[in-house]
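This report refers to the structure that appears directly beneath it.
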Amino acid sequence: MTMNRRDFFLRSGAGALALGWSGLMPGESRAAAAGIGMCDWNLGGKADPSIIPKAREAHLGGIQVSVGTDPGNIPLREAGVRRRYLELGKQYDIVFHSVAAGSILNQIPLASEPQSAVYVIDAIEAAAVLGAGNILLAFFGNGDLRLHDSTGNLRDLGDGDYSSYELDARGVNRVVEVLRQIVPRAMNAGVVLGLENTLTAKQNLEIIDRIGSEWVQIYYDVGNSWGNGYNVPEEIRQIGNARICEVHLKDWETPLLGSSGAQVDMDQCARALADIGYAKWLVLETSGRKEHFIEDTRTNVAFVKKVFRTA
């Protein structure tokens, strides 16, 4: 009988312990089966466990937890904060499917600032404790990997109907080298590094291939990609299930997914995800209308369950 790599490690506990490996394959989570979650910044509190009851009230199954907000405020480093997440998560049946190093990396980019690697490691360690299968590494704002000219403009190299922007080669090179050094820590913790950025699927896949690890994947945001002029359904099919660790769902034109005036065609996105066999977490990055958060989030959860055939 042949034995694949997962079986080998699971059946050779001594070897796994010697390597410090967690027993998880890339993209697997210690958490419950996939469902519908939400970013904590949309729930109303980054790195704040007190929002957990609100998630349950809104019919969510999970929360994407921010590791912190800035270098002076990284609550997920604290054992007491982590314990509180686990206690309330169990009480309210809420899963922490991913940890985000979002705004902190947008301020202090991985492409240029040495200290930024520390925040990635913070996120890996927090994810391992909370049972999350991946971390989101953001590349927006100061961290944008596209090349900006002296006036701040981008150069669109795309032809036809879809965009493709010139990259900041120096920044990309640094990201590749930094993540190559961090990958062993992520692998040992059983945590995938998910890249969320403004790039095309092709550009992201080239970066991942350069890093050379299946523990680096794409954190795909349908709203960002649609808004940047990319062919989202075809990108999803191009990337494939094995290289998407998680998906953000949002629309820039309306807080209610699939409603009149929406920019993103969620039906097309759902078909593309079904085509690749995606069955991981779908994460709402939506805040709802003012004073209607619970109502609108419940509506969005019901929409996702129907359109994306999520239980």
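Here the sequence shown stands for residues 3 to 313, numbered as in our numbering.
Glycine residues also receive a C-beta, built at the ideal position from the N, C-alpha and C atoms.
These numbers were taken from a predicted model, which means no experiment stands behind them.
Out of curiosity, what's the CA-to-CA distance linking residue i and residue j?
i	j	result
V234	I210	19 Å
Y232	A276	19 Å
G46	I110	23 Å
F98	Y87	9 Å
K307	G225	18 Å
D50	R85	12 Å
F310	F295	21 Å
D158	D146	15 Å
P116	L181	12 Å
L258	G290	7 Å
A33	A134	The pLDDT assigned to A33 is 45, lower than 50, so where the model puts this residue is not dependable; a value taken from the coordinates is nonetheless given after this. Cα to Cα, the separation comes out at about 6 Å.
R212	N44	33 Å
D223	V69	19 Å
I53	D42	8 Å
G39	D161	36 Å
W23	A130	Low confidence applies to W23: its pLDDT is 49, below 50, so where it sits in the model is not reliable, and the reading given next is rough at best. Computed Cα separation, rounded: 12 Å.
N302	V249	15 Å
Q93	L62	14 Å
E208	G260	32 Å
N175	E297	45 Å
D163	R172	28 Å
R7	A244	At R7, the pLDDT of 40 sits below 50, so the modelled position is not reliable and the matter cannot be decided from this model.
T312	S152	46 Å
L19	L156	With a pLDDT of 36 at L19, under the threshold of 50, the modelled position of this residue cannot be trusted, and the question is left open.
F305	D267	13 Å
N144	A264	28 Å
P28	S262	38 Å
G214	E179	11 Å
D170	L201	11 Å
I65	E89	14 Å
D269	V285	16 Å
G91	G242	31 Å
A191	H150	36 Å
E236	G154	29 Å
G279	V120	34 Å
A281	P55	25 Å
How would you write the range of the beta strand (DSSP E) that residue i sits in, first residue to last?
i	result
I137	N136 to A140
Assuming residue i and residue j are in contact, meaning their beta carbons sit under 8 Å apart, how far apart are those beta carbons, in whole angstroms?
i	j	result
V101	L132	7 Å
V122	A103	6 Å
Q240	A203	5 Å
So, using beta-carbon positions, are residue i and residue j closer together than 8 Å?
i	j	result
I184	N206	no
G139	G196	Per the sequence shown, the amino acid found at residue 139 is Leu instead of Gly. Yes. Within cutoff.
M189	W228	no
G37	W254	no
Y167	R187	no
T299	A60	yes
F141	E80	no
N136	V67	no
E293	K252	no
I96	A125	no
A113	L78	no
N75	S165	no
I246	A274	no
V118	T71	It should be pointed out that residue 118 corresponds to Ser in this sequence rather than to Val. No, the pair does not count as a contact, with Cβ atoms beyond the cut-off.
Bridge partners of residue i, per DSSP?
i	result
G229	According to DSSP, G229 bridges with nothing at all.
G64	G39 and V97
H1	Here the chain comprises residues numbered 3 to 313, so residue 1 is not present and cannot be evaluated.
N2	Given that the chain is displayed from residue 3 to residue 313, the structure contains no residue 2 and the question cannot be resolved.
E248	Y221
G196	L138 and Q219
V285	G39 and H250
Y167	D158
At which residues does the alpha helix (DSSP H) containing residue i begin and terminate?
i	result
F98	F98 -> not in any alpha helix (DSSP H); beta strand (DSSP E) instead, spanning V97 to A103.
G173	A171 to A191
D269	M268 to D277
A121	The sequence as given places Tyr at residue 121; Ala does not occur at that position. That run of the alpha helix (DSSP H) goes S118 to L132.
D211	A203 to I213
D298	F295 to V309
A57	I54 to E59
E237	V234 to I241
Does the ligand MG have a heavy atom nearer than 7 Å to the CB of residue i?
i	result
V185	The model on display carries no ligand, and the ligand MG is accordingly not part of it.
Any Cβ of chain D within less than 8 Å of the Cβ of residue i?
i	result
E293	The structure shown contains no chain D, having only a single protein chain.
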